[in-house]
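What follows is a set of notes on a single structure, which appears directly below.
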Amino acid sequence: MNAAGIPSEAAALNLPTGHEEELVVVGAMFVLVIVLGYAASRWRRPDDPLLERWGLEDWGLGGRAFGNPMQFFLLGGDLYTAYSFIAVPALVYGIGAAGFYAVAFAVIAYPLVFLTVPRLWSVAHSHGFVSSAEFVRARFGSPALSLLIAVTAIVATLPYIALQLLGLRVVLETIGMGGDLPLTVAFGVLAFFTFSSGLRAPALLSILKDILLVLTVFMLVLWFTVALGGWQHIFGVATASFAHRPPGEGSILLPPGTQLSYVSLALGSALANFLYPHTLTGTLAARNRSTVRTGLSTLPVYTLLLGFFGLLGFAAIAAGIRPAGGDVSRVLPQLLQTSLNGWGAGLAFAALGISALVPASIMSIGAANLFTRGIYREFIRPDASPRAETQVSRIASLLVKLGALAVVLLLTPQFAVDLQLTGGVLILQILPAAAIGLHTNWFHRWALIAGAVAGLASGILMLYEIPSLGPGGVVTSAHFGGVNWPLAHLGLHTGVTLYAGLLALGVNLTVTVVGTLVCHWFGVREGEDATSDADYLADEGDPTIRRMAELIDGPQRYEPRHAR
Amino acid sequence: MRDAPDGHQPPHEVGPSWDPWTRPPAPERPPPVEFQPPPQPWPSPEFRSPPEFLPRSRPPSGHQPTGSSGLPDEHQRPAQHKLPQVRRRERSRWHLLLLVAVVVPLLTPLYNRISPELWGLPFFYWCQMAFVVMAASVTAIVQLATRRRRP
Numbered sequence: 006m007n008a009a010g011i012p013s014e015a016a017a018l019n020l021p022t023g024h025e026e027e028l029v030v031v032g033a034m035f036v037l038v039i040v041l042g043y044a045a046s047r048w049r050r051p052d053d054p055l056l057e058r059w060g061l062e063d064w065g066l067g068g069r070a071f072g073n074p075m076q077f078f079l080l081g082g083d084l085y086t087a088y089s090f091i092a093v094p095a096l097v098y099g100i101g102a103a104g105f106y107a108v109a110f111a112v113i114a115y116p117l118v119f120l121t122v123p124r125l126w127s128v129a130h131s132h133g134f135v136s137s138a139e140f141v142r143a144r145f146g147s148p149a150l151s152l153l154i155a156v157t158a159i160v161a162t163l164p165y166i167a168l169q170l171l172g173l174r175v176v177l178e179t180i181g182m183g184g185d186l187p188l189t190v191a192f193g194v195l196a197f198f199t200f201s202s203g204l205r206a207p208a209l210l211s212i213l214k215d216i217l218l219v220l221t222v223f224m225l226v227l228w229f230t231v232a233l234g235g236w237q238h239i240f241g242v243a244t245a246s247f248a249h250r251p252p253g254e255g256s257i258l259l260p261p262g263t264q265l266s267y268v269s270l271a272l273g274s275a276l277a278n279f280l281y282p283h284t285l286t287g288t289l290a291a292r293n294r295s296t297v298r299t300g301l302s303t304l305p306v307y308t309l310l311l312g313f314f315g316l317l318g319f320a321a322i323a324a325g326i327r328p329a330g331g332d333v334s335r336v337l338p339q340l341l342q343t344s345l346n347g348w349g350a351g352l353a354f355a356a357l358g359i360s361a362l363v364p365a366s367i368m369s370i371g372a373a374n375l376f377t378r379g380i381y382r383e384f385i386r387p388d389a390s391p392r393a394e395t396q397v398s399r400i401a402s403l404l405v406k407l408g409a410l411a412v413v414l415l416l417t418p419q420f421a422v423d424l425q426l427t428g429g430v431l432i433l434q435i436l437p438a439a440a441i442g443l444h445t446n447w448f449h450r451w452a453l454i455a456g457a458v459a460g461l462a463s464g465i466l467m468l469y470e471i472p473s474l475g476p477g478g479v480v481t482s483a484h485f486g487g488v489n490w491p492l493a494h495l496g497l498h499t500g501v502t503l504y505a506g507l508l509a510l511g512v513n514l515t516v517t518v519v520g521t522l523v524c525h526w527f528g529v530r531e532g533e534d535a536t537s538d539a540d541y542l543a544d545e546g547d548p549t550i551r552r553m554a555e556l557i558d559g560p561q562r563y564e565p566r567h568a569r
Numbered sequence: 034m035r036d037a038p039d040g041h042q043p044p045h046e047v048g049p050s051w052d053p054w055t056r057p058p059a060p061e062r063p064p065p066v067e068f069q070p071p072p073q074p075w076p077s078p079e080f081r082s083p084p085e086f087l088p089r090s091r092p093p094s095g096h097q098p099t100g101s102s103g104l105p106d107e108h109q110r111p112a113q114h115k116l117p118q119v120r121r122r123e124r125s126r127w128h129l130l131l132l133v134a135v136v137v138p139l140l141t142p143l144y145n146r147i148s149p150e151l152w153g154l155p156f157f158y159w160c161q162m163a164f165v166v167m168a169a170s171v172t173a174i175v176q177l178a179t180r181r182r183r184p
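So the sequences go chain by chain: A and B.
So that you can map any letter, position 519 of the first sequence is 524 in the numbering used here, and since no number is skipped, the others follow by simple counting.
So that you can map any letter, position 122 of the second sequence is 155 in the numbering used here, and since no number is skipped, the others follow by simple counting.
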């Protein structure tokens with residue numbers, strides 16, 4: 006979906022010069038980002054003795070103290086990334102209706118996890134977990150399983166960070182700042198505020214991002230009604246444009262035979278969404294169960310925003326946008342440039358840039374927390390002090406980001422996109438342990454390991470078998486060309502394709518269930534479950550659980566309402 | 034009246050025909066002992082709950098301390114001490130609504146059509162945007178209907 010290998014500098018040179026106003030706005034916002042990112046380290050910072058005891062929870066989870074508004078902004082900045090704001094319009098521009106699956110996935114994601122995520126929050130709250138690997142370790146009593154979960158999740162997150170940097174680079178190129186240096190500078194800022202302030206920095210920055218994003222959408226709506234003649238005209242032009250393309254190259258509606266792949270992609274992505282470490286990091290930072298649940302019911306506001314950006318893909322067709330260098334990820338930035346001009350475009354680009362920095366920061370924190378608690382404390386230094394854990398996490402987050410930068414700078418962008426598709430398939434394989442495990446501990450630890458390995462292997466194999474098709478059905482690369490696996494490989498005489506991640510999850514669950522039955526039959530010893538049923542319903546204010554939020558703010562504020 | 038260790042009750046209820054002189058008292062039954070407090074009573078005399086954790090209202094009815102004695106040590110991993118069991122329910126019929134919000138947006142044949150259009154948007158697009166509002170409302174309704182008062 007993304008034409009690869011075009012030298013970015015050459016493409017940047019083809020753009021018209023004269024982006025001074027945009028540069029000024031983006032530069033000013035950049036300075037604001039540095040100031041806010043540094044100020045965040047002082048924001049609601051607890052005393053030193055408390056930091057000694059709760060170090061990692063302070064740096065990595067913002068002290069588990071975010072209330073409803075902050076949780077809304079933080080998760081909004083976390084889930085709706087710059088890459089999705091850039092890639093969804095690009096997909097819709099390229100293939101039409103099928104690109105709109107992102108909206109369907111975001112619609113079902115919240116009701117789907119509404120009963121699961123609060124349980125995760127509670128068990129993490131009562132045991133002090135900061136990552137899913139720790140939960141799996143406690144639930145199934147298996148260090149090997151938790152190591153597998155941690156490694157899978159970190160590997161799945163790395164390319165996701167790389168994609169954010171890729172989005173940042175597209176924005177920078179569009180305003181004439183192509184090349185490696187501006188990206189490296191932006192990366193330096195990202196690394197600085199993550200290192201110093203932890204999760205509080207992206208939380209503060211996501212407020213700034215949302216203000217800019219709302220301004221952008223407001224300006225775009227005005228521009229539509231005034232300049233483009235509304236949706237009627239836009240869809241008229243888009244329909245005509247799709248009619249001129251060869252069949253299979255995009256349409257206003259889902260073509261026959263592709264509905265099942267649309268559904269499976271939406272369902273698979275929705276299931277994967279809350280398994281990613283950055284989503285967990287954002288969720289666990291909530292101060293109580295009610296905040297988590299309120300967040301799940303208010304966040305769909307951002308989905309409306311995402312849907313609007315998706316429709317911009319059609320607007321780009323109507324406005325006659327031709328992406329520079331054939332790179333469809335530049336469709337949205339170029340549309341913003343032609344429609345908003347000058348100061349307005351500057352604000353829009355700043356919004357996109359910050360919405361790349363925020364999730365990249367949270368992702369690196371999530372991956373670092375996984376490493377520290379899932380690998381470092383489990384296998385390398387079990388007696389690590391909280392202070393040492395925080396230092397390890399800080400350094401790990403830096404290394405993770407450096408890896409992502411290396412992927413972007415050294416490899417082709419297409420490779421990062423392929424990796425991210427693979428990442429989605431990989432992260433789905435931790436679902437039986439990390440999500441179903443929240444509701445039952447019936448699964449046997451060895452069956453879970455076998456299932457995850459089978460799921461990972463079959464998922465990668467399926468992705469390997471998917472060729473990438475260029476214009477006119479020509480095979481451009483034989484492997485890793487997409488995520489929809491043709492069922493014809495199974496010998497079925499059908500053109501139906503399904504999301505490989507979901508199929509691999511099916512393999513995974515089958516192996517896990519059969520393996521559990523076999524293990525129970527032979528009486529293989531089960532792991533010890535260190536959690537109790539009450540842990541999954543624990544809430545802030547439970548008498549014997551003292552967590553950061555209460556230490557920062559004191560307990561008086563949480564007096565139950567009926568007792569006042 | 035404490036039960037004997039073997040659960041044997043003296044047959045008071047048998048009737049007036051019972052005569053203590055015809056049967057000797059059972060020698061195996063230990064003499065009744067005074068109630069002795071367990072070596073570590075709960076809560077222990079040393080227990081001082083931190084002032085900020087004193088309950089400010091009457092404790093909730095479902096709140097039964099079953100934990101072991103002793104002050105919960107902050108350095109101890111919380112998994113290793115018994116938490117007070119607060120009885121809570123998680124099941125509710127409202128949760129069935131969530132199923133609607135998950136399944137309906139996946140039924141593509143329902144909305145894979147152009148008409149009716151809204152402001153020039155084909156049905157496929159505005160219907161999915163409407164699903165956003167629908168799913169958000171359902172989630173919010175379930176959230177409000179099943180929220181509980183925190184103890």
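Where is the CB? At the ideal position from N, CA and C, for every residue including glycine.
Remember, it's a predicted structure, so these values are computed and weren't measured experimentally.
Residues that DSSP places opposite residue i in a beta bridge
i, result
"B:Leu154", "B:Leu151"
"B:Asn145", "Answer by DSSP bridge pairing: none, since B:Asn145 is not bridged."
"A:Pro207", "None; A:Pro207 has no bridge partner."
"A:Ser473", "A:Ser482"
Classification of residue i by the beta-carbon crowding that lies within 10 angstroms, buried from 16 upward
i, result
"A:Arg378", "buried"
"A:Phe527", "exposed"
"A:Gly168", "Checking the sequence shown, residue 168 of chain A turns out to be Leu, not Gly. When all chains shown are included, A:Leu168 counts as buried."
"A:Trp59", "buried"
"A:Asp547", "buried"
"A:Asp215", "buried"
"B:Arg91", "Legend: pLDDT at B:Arg91 = 37, less than 50; position of this residue unreliable, value from coordinates given subsequently. B:Arg91 comes out exposed."
"A:Trp447", "exposed"
"B:Asn145", "buried"
"B:Trp152", "exposed"
"A:His494", "exposed"
"A:Asp534", "exposed"
"A:Gln237", "exposed"
"B:Arg110", "At B:Arg110, the pLDDT of 42 sits below 50, so the modelled position is not reliable and the matter cannot be decided from this model."
"A:Arg530", "exposed"
"A:His525", "exposed"
Residue i: first and last residue of the uninterrupted beta strand (DSSP E) it sits in
i, result
"A:Thr502", "502-504"
"A:Pro491", "489-491"
Anticipated Cβ contact below 8 Å, residue i with residue j, distance rounded
i, j, result
"A:Ser334", "A:Ala95", "5 Å"
"A:Asp540", "A:Val128", "5 Å"
"A:Ser266", "A:Thr427", "Contact flag wrong, Cβ pair sits at about 18 Å."
"A:Ala355", "A:Leu340", "Actually they are not in contact, since the Cβ atoms of A:Ala355 and A:Leu340 sit about 16 Å apart, beyond 8 Å."
"A:Gln434", "A:Gly464", "7 Å"
"A:Thr308", "A:Val108", "6 Å"
"A:Gly442", "A:Thr517", "About 10 Å; that fails the 8 Å criterion."
"A:Tyr281", "A:Ala161", "7 Å"
Delimiting residues of the alpha helix (DSSP H) encompassing residue i
i, result
"A:Asn374", "348-374"
"A:Trp236", "235-249"
"A:Ser137", "137-145"
"A:Arg399", "391-415"
"A:Arg174", "148-179"
"A:Val31", "25-44"
"A:Ala535", "Premise fails: A:Ala535 is in no alpha helix (DSSP H) and is neither H nor E."
"A:Ser201", "185-202"
"A:Pro437", "436-439"
"B:His128", "128-136"
"A:Val336", "336-345"
- Enumerate, from N- to C-terminal direction, the unbroken alpha helix (DSSP H) stretches of 4 or more residues contained entirely within the stretch 254-318 of chain A. As far as the stretch 254-318 of chain A is concerned, its whole alpha helix (DSSP H) runs of at least 4 residues are 264-278, 282-289, 294-303.
- Item | 4-residue-minimum alpha helix (DSSP H) runs that sit fully inside the stretch 70-130 of chain A, ordered along the chain | Qualifying alpha helix (DSSP H) stretches, in chain order: 73-84, 87-100, 106-118.
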